[in-house]
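>
There are 2 protein chains.
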Amino acid sequence: MDNQLALFYGLSVLTAAIAFAFAAYLYLWVKKQKTQNARIQEVSALIKEGANTFMRREYGVLAKFAAVAAVLILILLPSPIWNGNILDNLSMAIAYLAGTVLSAIAGKIGIMVATLSNGRSAEAAQEGIKPAFLVGFRGGAVMGLLVVGCSLLGVAAVLMVTGNASILLGFSFGASSLALFAKAGGGIFTKTADVSADLTGKVELGIPEDDPRNPAVVADNVGDNVGDVAGMGADLFDSNVAAMASALVIAQSLSGDYANVSMVFCYAILGLLSSIIGIAAARIGKHGNPTRALNSSTYVTTAVFLVLTAAATAIFEGFSWRIWGASATGLLVGVIIGITTDYFTDDTKPIVRKVARASGSGPAFTILSGVSYGFISALPAMVGIAVSALVAYQICAPMGDGYAIFGISMAAVGMLSIVGMIISNDAYGPIVDNARGLAEIGGLGEDTIRTADELDSAGNTVKAVTKGFSIGAAGLTVISLLGAFMSEANAALAAVGKELIVGFDIMSPTVFFGILIGAAIPAVFSAMLILGVDKNAQRMVAEIHRQFDSIEGLREGKEGVKPDYGRCINIATTGALKELIPAGLISILATVVVGLIGGPQAIGGFLLGNIVSGLLLALFMSNSGGLWDNSKKYIESGQEGGKGSQAHKAAVIGDTVGDPFKDTAGPSINTQITVVSLVASLLSTVFVQFHLFG
Amino acid sequence: MDNQLALFYGLSVLTAAIAFAFAAYLYLWVKKQKTQNARIQEVSALIKEGANTFMRREYGVLAKFAAVAAVLILILLPSPIWNGNILDNLSMAIAYLAGTVLSAIAGKIGIMVATLSNGRSAEAAQEGIKPAFLVGFRGGAVMGLLVVGCSLLGVAAVLMVTGNASILLGFSFGASSLALFAKAGGGIFTKTADVSADLTGKVELGIPEDDPRNPAVVADNVGDNVGDVAGMGADLFDSNVAAMASALVIAQSLSGDYANVSMVFCYAILGLLSSIIGIAAARIGKHGNPTRALNSSTYVTTAVFLVLTAAATAIFEGFSWRIWGASATGLLVGVIIGITTDYFTDDTKPIVRKVARASGSGPAFTILSGVSYGFISALPAMVGIAVSALVAYQICAPMGDGYAIFGISMAAVGMLSIVGMIISNDAYGPIVDNARGLAEIGGLGEDTIRTADELDSAGNTVKAVTKGFSIGAAGLTVISLLGAFMSEANAALAAVGKELIVGFDIMSPTVFFGILIGAAIPAVFSAMLILGVDKNAQRMVAEIHRQFDSIEGLREGKEGVKPDYGRCINIATTGALKELIPAGLISILATVVVGLIGGPQAIGGFLLGNIVSGLLLALFMSNSGGLWDNSKKYIESGQEGGKGSQAHKAAVIGDTVGDPFKDTAGPSINTQITVVSLVASLLSTVFVQFHLFG
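Protein chains in written order, with this note's numbering: chain Y, 75 to 768; chain U, 75 to 768.
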């Protein structure tokens, strides 16, 4: 290790510590805000308790899964233990567990703060938009800071201790395992609860949306937190770690000096610092516009990052302007993808209005137009990712062999540099969404509800942008994971004295075989999650019926009679994990089968097919879902006949279809791709040694 | 040219002549069948007139398009005319025009016979299932024989005259241009008419489905013919020509002797002969099962083809058993894909029933479950294509350089060998569908309608299988088109003394850039077609309202008052072509832009991305659409509450969504892929000489 790298290890730890300290400060600030309304306190406590039940159960199942995986890693990875490298296997297993644990801690604390902030934001809304916004935003920022701090700390620690970037793939796989449970499991959970609560409450009994008699109502609110706070946080923890890990694997394979490794840490550190500055700078006037406040924080973070990394490039020896250019390209393309996503899902823009108008002709037209615009919306994002990869490559290719793909991985690091800010904005959404509901439950009056509504609507708008951003980032990350896989496979090939891989040729039928199967997997994975929501909702509806039938006085709302919220939460949780596991296993098994049939060449194709169709479907489903949601809201605001009209009924059906698209399947595909990419890299030794063809 | 090849040229012409003679015999047989019912004669004549109106308008627009394309080809392709090869350019332009004209003739005659058969099949149904089946099947067989005969004759003639397989790409492009208009244009037409007729007739006025007062009702019946007979025929003409052309381009690049070229013709000839035998052998008992009759003809054709090609391999010098194996693999996988498609869309199998049950919970669940199973249904077909490509490659690779990809192209030729049978079965569908309607209009009584129903239902079942088959064949064909593109690009590279392409490496960002953009194109293309149906339907609904308002006595059904059917057909036609052109142009423009940015490497990636996402989306949309259609029919047969139930209403919405999926967008993607592949091959010289990066 050289001095420069030692410096950056030290700075990584220091910056993570600053992030944690700032998070602690924000946490205490939120906690200090007053909370007086008894009703709000009660329901808020129920939500917190429910979220904890889910997290406990989820982590329980995850612990078993992780234990099995850790034992397998200990025996088999990076190479079978009987080959003699016991220390490497032990490091890998520990790194894997560290990845799951750090992500779990970030998620747990994030949920804690989110469920603390919702009620306080609701009560603060009585005093105006400014204090309510600050409570919501700072609550979300705690999650953002923790996720980025933990990922930076973890990556630095693993590399510092082992000196071997390949071990980072184990850490990254740990993060992915957790993300699979948190994001896909949380996604099934939240939509199960949402659908069941609506079906039994609003439709069957005709009671209001948040009526506390409904045993599913707490689960519904819990769902917002576990899906959008913990799930999204785990997803971005995963992407962030994967981007750093693949950049570091490639950087270590590049050359003898450590400048490239240092640079990866430097960019990650400056990204976190920029997010801290952006969060601290978030301001809103007394009658300010919360959407503008959120977006301007993002732009501040982006600008600060570009300036700081430019300064670092000028100062530090061995840092290249070309790499800076690649990274800046990634970041700018991320912003552009966010803006185009916004165009397709914002109700002040024409697309949402066209879908709302089409709804007037019936639900089939809501679906057809939403699907069509969802398909079209994939184009700009895919062009953006394609162009940024091409530009990053062209900028860095003159630096020598291997630098071009390093440039792409640094474009991914650049795109994810502002992830702290992205998570803060994203976690703000469910907090103020909960706050709006609590303001209604607590009877805080029309003015307060209007204020909370405005905050909520800003959350929805910003969410579309951040979602586009995180899919784009995942796209670039997996390209560099493909590079990391090639590095790993080549190390394994070199070890057995076989010819190295120079690439994956489309015209090779082994590669092509992998591509076609890889492309089908995200479709099957999303289908299984969507069907899982459906099956799980049926179980939960049965439980709700059981409670209404067997708990005396519940239906009538007798004083003191309460439903068993925990049981509903338990059922939703168990079901979510039960439905998730086959979908996850099929993806992993397909990887193993393809690898054993066609070896590393087929796996290269498999990963490509997976990435390409995964990106397409994730963009399609997320954007269609967002589009339908906002079309419904647009109609509810009084357009195209308003609430209760034919168009509204059609739009509600569109929204129901869109819910599992945008909150379960769409965003889980990211995680599926990362998991598969890491499994491939980890098993590269196995695939190199045993395969049928190719 | 050697003697063997001369023999096969002669046999090609002879076999085509036999096919035409047999088609003429079947045509005269159908014409001879009695037709007495005046009402049926009247409506049948209206359908015929409408189909002719559409064809006239379509061919009119196509003629302009083709004229422009032919001039461009004359000037630019295969290389700019100022380079001096005027004769090549002239051959290419003439071949292009021949491709459009031959396909157009086959389509025109096919429509003529189909509109002749529908009424006769209805009347024959009075005498039982056997005569009615034979009229429907033989009417469809005329189309099948013409399409395959014309494609064999055209390909043989072009190669015989020019001796240059590259010129065949021009012929193939002509077939694709026509297919784009016929399939995508016909697809928009048929769904425009369907939706408009339903919205104004059934929903607004409450008149029955086939009421002759509705100005759109003839257009609706016309749509079945132009979409499913002419469109499907042009699509398979296109696939068949493309498969032969790419196999021949690769065969010519292989070696000095002509055995491989001879073999391609030999297989095509034997495929046509097998189809003739299969058609002649089609039998049904007096109370027979029409589905079984159709399927057993397919199996007979398959078996005959395998035996005949094995015999040819044993007899002819230079024919290889390995190639026979590749071709047999393609054919068998085609059958397997057909069977799995059937599993997902047949109402005697569990999937259709699950979607019908889900419909009981409301339309959102119809959509969600249909989308999910549609996604899952793509997996077996994609695995099938992947495995057949891999196996064909492995079988043929030992034969030497270039033979592996030739093996894949022969797998495609094998899969398409029974295309004559496939088209016959496919064209049978709309004929008996029309027959069912005509039996009702003609008042032929309940027994006859029940017979017609049974024939119609067999048509729907078989259609699902043939559709899966044709998508699978298109998948393999475009892989060999990718090989043809590489041959063409290398010829162009050799001409300018540049380094040849050995493959397209995924890890090259130029290739990757092409892949991502290529993958987005089928999504955008299908979205534009679906939105086109929507816009066009709005125009047609306005015209229907105008007629009801301005034609006195029409609404009341006054004696002698007739709506202006031709005007509706004209509007649907103009609109279909208007909506289709931007979708087609965007696909072609994207190819050109990607080629000019990244050169042949980016185009290789672009074609791959296009194939992969195109296959996925085509399978998803065709199968979801078929699934929804059959779920609705299953419920209408009295299950899950039957007609008028909640489940039925939901299933109708699913069916409306599925209509443009399965009849417009899904099957048009095949054509889009072929068009783009051929444009890429034709422009390879341009891309080799001018591009920004790569």
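Glycine included, every Cβ here is placed at the ideal spot set by N, Cα and C.
All of these numbers come straight from a predicted model, not from anything done at the bench.
Hey, A188/Y and A501/Y: beta-carbon distance below 8 Å or not?
Yes.
> According to DSSP, is D579/Y helix, strand or coil?
Of the three classes helix, strand and coil, the one that applies to D579/Y here is strand, per DSSP.
> Taking buried to mean at least 16 other C-beta atoms within 10 Å of its own C-beta, is Y639/Y buried or exposed?
Burial call: buried.
> For chain U, find out if any of its Cβ atoms is closer than 8 Å to the Cβ of D608/Y; answer yes or no.
With 8 Å as the cut-off, D608/Y counts as an interface residue toward chain U.
> Can you tell me the Cα-Cα spacing of T174/Y and N697/U, whole angstroms?
About 39 Å.
> Taking the beta carbon of G373/Y as the centre, do at least 16 other beta carbons fall within 10 Å, making it buried, or is it exposed?
Sequence check: residue 373/Y is Tyr here, not Gly. Exposed is the call here.
> Skipping 5 residues on each side, what residues in its chain have a beta carbon closer than 6 Å to that of T748/Y?
The answer, listed in chain order, is S250, D312, A316.
> Taking the Cβ atom as the reference point for each residue, do Y170/U and I147/U lie within a distance shorter than 8 Å?
Yes, the Cβ-Cβ distance between Y170/U and I147/U is below 8 Å.
> Report yes if the C-beta of V296/U is less than 7 Å from at least one heavy atom of the ligand MN; otherwise report no.
This structure lacks the ligand MN, and indeed carries no ligand of any kind.
> Does the beta-carbon distance from V487/Y to Y341/Y come in below 8 Å?
It is a contact, given that the beta carbons lie within the stated cut-off.
> Going along the stretch 721-734 of chain Y in order, which residues come within less than 7 Å of chain U, judged by CB to CB distance?
Against chain U - using a Cβ distance shorter than 7 Å - the residues of the stretch 721-734 of chain Y are I727, T730, V731, P734.
> Would you kindly work out how many angstroms separate the C-alpha atoms of S661/U and I595/U, rounded to a whole number?
Rounded to whole angstroms, S661/U to I595/U spans 6 Å at the Cα level.
> Distance, Cα to Cα, L242/U vs L233/U?
Each residue's Cα considered, the two are about 7 Å apart.
> Could you name the residues of the stretch 298-315 of chain Y whose beta carbon sits closer than 9 Å to any beta carbon of chain U, in the order they occur along the chain?
So the list is empty, because no residue satisfies the distance condition.
> Check distances from the C-beta atoms of the stretch 399-411 of chain U to those of chain Y and list, in chain order, the residues that come in under 7 Å.
So the list is empty, because no residue satisfies the distance condition.
> Which ranges does the alpha helix (DSSP H) cover as unbroken runs of at least 4 residues, wholly within the stretch 454-501 of chain U, from first to last along the chain?
DSSP runs (the alpha helix (DSSP H)) wholly in the stretch 454-501 of chain U: 477-489.
> Just verifying my parser: in three-state terms, what is the DSSP assignment at Q70/Y?
Since the first residue shown for chain Y is 75 and the last is 768, residue 70/Y is missing from the structure and cannot be characterised.
> Who are the neighbours of V457/Y on chain U, taking C-beta pairs under 8 Å?
Per Cβ cutoff of 8 Å: L590, I591, A594.
> Within a Cβ cutoff of 6 Å, which residues of the same chain sit near S348/U, ignoring the five residues on either side of it in sequence?
Same-chain partners within the cutoff: T375, V378, F379.
> Quick check on the burial criterion: 16 or more other C-beta atoms within 10 angstroms. Buried or exposed for R194/Y?
Buried: at least 16 other Cβ atoms inside 10 Å.
> Could you name the residues of the same chain whose beta carbon sits closer than 7 Å to that of F449/Y, not counting the 5 residues immediately before and after it, in chain order?
Same-chain partners within the cutoff: F694.
> Answer with yes or no whether the minimum CB distance from D294/U to chain Y is below 8 Å.
Cβ-Cβ to chain Y under 8 Å: no for D294/U.
> Do S687/U and L690/Y come within 8 Å of each other at the CB atom, strictly closer than that value?
Contact flag set, yes.
> Are the C-beta atoms of Y639/U and some chain Y residue less than 8 Å apart?
Output row for Y639/U: interface = no.
> Where are the alpha helix (DSSP H) runs, 4 residues long or more, that stay fully inside the stretch 140-198 of chain U, in chain order?
The stretch 140-198 of chain U contains these whole alpha helix (DSSP H) runs: 160-198.
> For N157/Y, count neighbouring Cβ atoms within 10 angstroms of its own Cβ and tell me buried if that reaches 16, exposed if not.
Exposed, by the Cβ-count rule.
> In three-state terms, what does DSSP make of A288/Y?
The residue you asked about is not Ala; residue 288/Y is Asn in the sequence shown. Coil.
> What does V686/Y touch in chain U if you count any residue whose Cβ is under 8 Å from its own?
Simply I589, L590, A593, G683, V686, S687.
> List the residues of chain U whose Cβ lies closer than 7 Å to the Cβ of F94/Y, in chain order.
Simply none; closest approach about 38 Å.
> Identify whether A356/Y lies in helix, strand or coil by the three-state DSSP scheme.
It is coil, neither helix nor strand.
> So does the stretch 422-434 of chain U actually touch the stretch 357-373 of chain U, counting three or more Cβ pairs closer than 8 Å?
Result no; under three Cβ-Cβ pairs closer than 8 Å.
> Would you mind telling me which residues of chain U sit closer than 7 Å to T584/Y, beta carbon to beta carbon, in chain order?
The contacting residues are L464.
> What are the complete beta strand (DSSP E) segments, minimum 3 residues, inside the stretch 668-727 of chain U?
Runs found: none.
> Below 7 Å CB to CB, which residues in the same chain sit around G305/Y once its five sequence neighbours on both sides are set aside?
A256, K257, G260, G261.
> Do we get a CB-CB distance below 8 Å when we pair T598/U with the residues of chain Y?
It is worth fixing the name first, because residue 598/U is Val in this sequence and not Thr. Closer than 8 Å to some Cβ of chain Y, the Cβ of V598/U qualifies, so yes.
> Go ahead and pull the three-state DSSP assignment for K572/U.
The answer is coil: DSSP assigns K572/U none of H, G, I, E or B.
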